[in-house]
Amino acid sequence: VGFPLTRLKTAEKESAKTKAISLNLKIKVSKEIKTYKKGSDVNTWVKITITNEDTEKYEDLVIMDVIPKEILVNVNGIKNASVGYSAILEDPVIAFEIDELGKDASKTFEYMFKKNLSTISASDVNKWKASFAFAGEEVIDLCKGVTCTVKVCQTATCDSKTGKCNYANKTDGASCGTNKECKKGKCVAKVQDVKVPKDENIAEDLNIANGSELPQLPLTEIAIAIVLLILAVAGFWFVKNKFGNGENSEQETEQPNEGFNP
212 VGFPLTRLKT AEKESAKTKA ISLNLKIKVS KEIKTYKKGS DVNTWVKITI
262 TNEDTEKYED LVIMDVIPKE ILVNVNGIKN ASVGYSAILE DPVIAFEIDE
312 LGKDASKTFE YMFKKNLSTI SASDVNKWKA SFAFAGEEVI DLCKGVTCTV
362 KVCQTATCDS KTGKCNYANK TDGASCGTNK ECKKGKCVAK VQDVKVPKDE
412 NIAEDLNIAN GSELPQLPLT EIAIAIVLLI LAVAGFWFVK NKFGNGENSE
462 QETEQPNEGF NP
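And the structure:
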């Protein structure tokens, strides 16, 4: 698997060396090596552990492992490597890449090859154990010392890359005080719901007040009203006919006949 060498050449050699030394003061790289026999084969198992002992997180870390040729002639002898393994040189030089390593976080890589280390000198083995972190970018948290303004209807968060505070509105209806609630990030007076009484008589009164139709009278009351109206009309005509006709007859008897000379 090829490794993008351009990522390893972002600085001049001396600058990269200085950076690697500084990085290894903060990033701990340890290696565990075990040799075991499986059938007739003798294999060597390697486990590399990378730990961030700094107070900041790191991105784009590259852990280099330069394997002496006395231990492994060619990179093609490596098998069962963890995800993230890349071959830099067939000499062999391999690398493991870590996208992000937070504070106090650790990452492990493993690989195997067919070799009996008992045939290798102790000095060569110890020299090989010194893997190192080659590249990496320290991520500085710009929110350190930043205090975001408290807003009762908004939640504040700080962007570690810019040091700026971002605000998100709380859910509408969230309480922000006595008889107050949040609306679109603002604290406003809570609207009280008006409950209409369920009593039918009160409901009818409200309808009349609102200009609605008058309530209908029961049929018995309508019948009585009609009877009274009929009686009133009949009485009126009775009185008119009786007394009205009498006056006319008196006037007719008192009127003298035409042509009478006293």
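In the numbering used here, each residue's number is its place in the sequence shown (first place is 1) plus 211. Think of the CB as a built atom: it goes at the ideal place given N, C-alpha and C, for glycine as much as any other residue.
**Asked** Out of Thr373, Pro303, Lys375, which has the shortest C-alpha to C-alpha gap to Val277?
**Response** By 1-based counting over the sequence shown, the position of residue 277 is 66. Nearest C-alpha to Val277: Pro303.
**Message:** Quick check on the burial criterion: 16 or more other C-beta atoms within 10 angstroms. Buried or exposed for Phe447?
**Reply:** Position 236 of the sequence shown, counted from the first residue, corresponds to residue 447. The residue in question, Phe447, is exposed, as its Cβ has fewer than 16 Cβ neighbours within 10 Å.
**Request:** Measure the CB-CB distance between Phe307 and Ile274 and report whether it falls below 8 Å.
**Result:** Counting from 1 along the sequence shown, the entry for residue 307 is found at position 96. Counting from 1 along the sequence shown, the entry for residue 274 is found at position 63. Yes, they are a contact pair.
**Sheet register partners of Cys359 (DSSP bridge)** = For the purposes of this step, residue 359 is identified with residue 148 of the sequence shown, where counting begins at 1. Cys359 pairs with nothing; no bridge assigned.
**Asked** Taking Cβ to Cβ, would you say Tyr322 is nearer than 8 Å to Val257?
**Response** For the purposes of this step, residue 322 is taken as the residue at position 111 of the sequence shown. For the purposes of this step, residue 257 is taken as the residue at position 46 of the sequence shown. For Tyr322 and Val257, yes; Cβs fall inside 8 Å.
**Asked** Going by DSSP, what residues sit across from Cys376 in a beta bridge?
**Response** Taking the first residue of the sequence shown as position 1, residue 376 is located at position 165. Answer is Cys369, bridged to Cys376.
**Prompt:** What are the boundary residues of the beta strand (DSSP E) that Lys318 is part of?
**Reply:** Taking the sequence shown and counting its residues from 1, the one referred to as residue 318 is at position 107. Taken as a continuous stretch (DSSP letters only), the beta strand (DSSP E) holding Lys318 covers 317-325.
**Message:** If you follow the alpha helix (DSSP H) that Val286 is in, where does it begin and where does it stop?
**Reply:** On the sequence shown, position 75 is the one that residue 286 refers to. Run containing Val286: none; DSSP gives neither H nor E here.
**Request:** Along the beta strand (DSSP E) that carries Ser241, what are the first and last residues, could you check?
**Result:** Taking the first residue of the sequence shown as position 1, residue 241 is located at position 30. Looking at the DSSP string, the run of the beta strand (DSSP E) that includes Ser241 is 238-249.
**Asked** If we ignore side chains and look at the alpha-carbon of each, how far apart do Gly384 and Cys376 end up?
**Response** For the purposes of this step, residue 384 is taken as residue 173 along the sequence shown, with counting starting at 1. For the purposes of this step, residue 376 is taken as residue 165 along the sequence shown, with counting starting at 1. About 24 Å.
**Request:** Have a look at Ile309, Gln403, Lys280 and flag the residue whose alpha-carbon is nearest the alpha-carbon of Ser293.
**Result:** Along the sequence shown, read from residue 1 onward, the residue named residue 293 stands at position 82. Out of Ile309, Gln403, Lys280, Ile309 has the C-alpha closest to the C-alpha of Ser293.
**Item:** For Lys338, three-class secondary structure by DSSP
**Value:** Within the sequence shown, numbered from 1, the residue matching residue 338 stands at position 127. Helix, per DSSP.
**Item:** Expected contact under 8 Å - CB spacing of Lys314 and Asp265 to nearest Å
**Value:** What you label residue 314 is simply residue 103 of the sequence shown in a count that begins at 1. What you label residue 265 is simply residue 54 of the sequence shown in a count that begins at 1. Right, the Cβ-Cβ distance comes to about 7 Å (below 8 Å), so this counts as a contact.
**Asked** According to DSSP, is Ser293 helix, strand or coil?
**Response** Within the sequence shown, numbered from 1, the residue matching residue 293 stands at position 82. The answer is coil: DSSP assigns Ser293 none of H, G, I, E or B.
**Item:** Rounded separation between Ser329 and Glu270 - CA only
**Value:** On the sequence shown, position 118 is the one that residue 329 refers to. On the sequence shown, position 59 is the one that residue 270 refers to. Approximately 38 Å between the Cα atoms of the pair.
**Item:** Reduced DSSP secondary structure (H/G/I, E/B, other) of Ile259
**Value:** Within the sequence shown, residue 259 is the residue found at index 48, counting from 1. The answer is strand: DSSP assigns Ile259 an E or B state.
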